[in-house]
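Encoded as structure tokens, the structure appears first; notes follow it.
In the UniProt record's numbering, the protein residues as written are 1 to 215.
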């Protein structure tokens with residue numbers, strides 16, 4: 001990381017030097033005093049060590065959204081419903097989810113196990129909230145394919161809803177398709193996740209998972 005930063009700094013310095021040389025060549029009447037003032041104004045004010053430390057601490061410290069994610073900790077029974085298309089008949093499946101927080105409460109990690117389409121199913125997701133960007137994000141991958149799903153979005157405290165959107169590659173067409181997810185905290189022992197895919201330019205619900213806390 002330090003090597004990358006040093007390389008970028010050298011490139012930036014070299015570019016800045018060339019730019020200043022061009023400016024001096026074009027404006028021959030610019031005095032030395034004016035040039036010094038201009039160079040000083042263009043330079044960014046560096047952060048002091050205390051400001052840098054605070055920025056990193058703010059980035060690394062779990063906040064309110066992380067506490068919301070932590071409320072999912074535990075084991076869940078998941079009733080899953082799938083639709084292959086807007087007019088398709090629903091298909092059912094069941095899985096169990098084991099949810100925990102990792103890295104000192106910074107990320108929510110969930111492991112899913114069960115059956116899907118009559119075959120053993122295993123999946124893993126990571127959900128978090130980036131303090132720097134102010135966005136929530138979710139990743140997912142499983143044993144049913146070789147892809148990796150990633151979405152970003154927001155959390156609305158009033159409705160207790162995470163809203164995500166992103167793209168994934170359709171294994172049938174090999175093209176990227178848009179999809180979105182909604183994750184609702186219904187109550188202390190119930191969660192509901194809905195996924196919406198796009199087909200022929202129209203959005204439809206492709207999956208719904210109702211999670212109930214295992215006793």
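By construction, the Cβ of each residue, glycine as well, lies at the ideal position given by its N, Cα and C atoms.
Looking only at 182, 68, 119, 66, the smallest Cα-Cα distance to residue 166 is reached by 182. Of the residues 173, 150, 170, 180, the one whose Cα lies closest to the Cα of residue 163 is 180.
By the criterion of a C-beta distance shorter than 7 Å, residue 199 is surrounded in its chain by 85, 86, once the five residues flanking it on both sides are discounted.
Distance from residue 155 to residue 65 at the Cβ level is roughly 5 Å; contact confirmed, criterion being Cβ atoms closer than 8 Å. With a threshold of 16 other beta carbon atoms within 10 Å, residue 80 meets it and is buried.
Exposed is the label assigned to residue 61, since fewer than 16 other Cβ atoms lie within 10 Å of its Cβ.
Proximity to residue 146 across 88, 78, 123 peaks at 123, based on C-alpha coordinates. Rounded to whole angstroms, the separation of the alpha carbons of residue 171 and residue 121 is 18 Å. Here residue 56 carries a helix assignment [DSSP, helix/strand/coil].
Residue 137 is positioned such that its CB atom lies no closer than 8 Å to that of residue 131. Pairing residue 108 with residue 126 gives a Cβ-Cβ distance under 8 Å.
In the DSSP assignment, residue 73 is bridged to no other residue. A Cβ-Cβ contact shorter than 8 Å links residue 214 with residue 75. Our two residues, residue 69 and residue 104, have alpha carbons roughly 13 Å apart in a direct line.
Around the C-beta of residue 110, 16 or more other C-beta atoms lie within 10 Å, and the residue is accordingly described as buried. Residue 200: not part of any beta strand (DSSP E); DSSP gives it neither H nor E.
Cβ-Cβ distances below 6 Å link residue 207 to 82, 195 in the same chain, with the five nearest sequence neighbours on each side left out; the list follows chain order.
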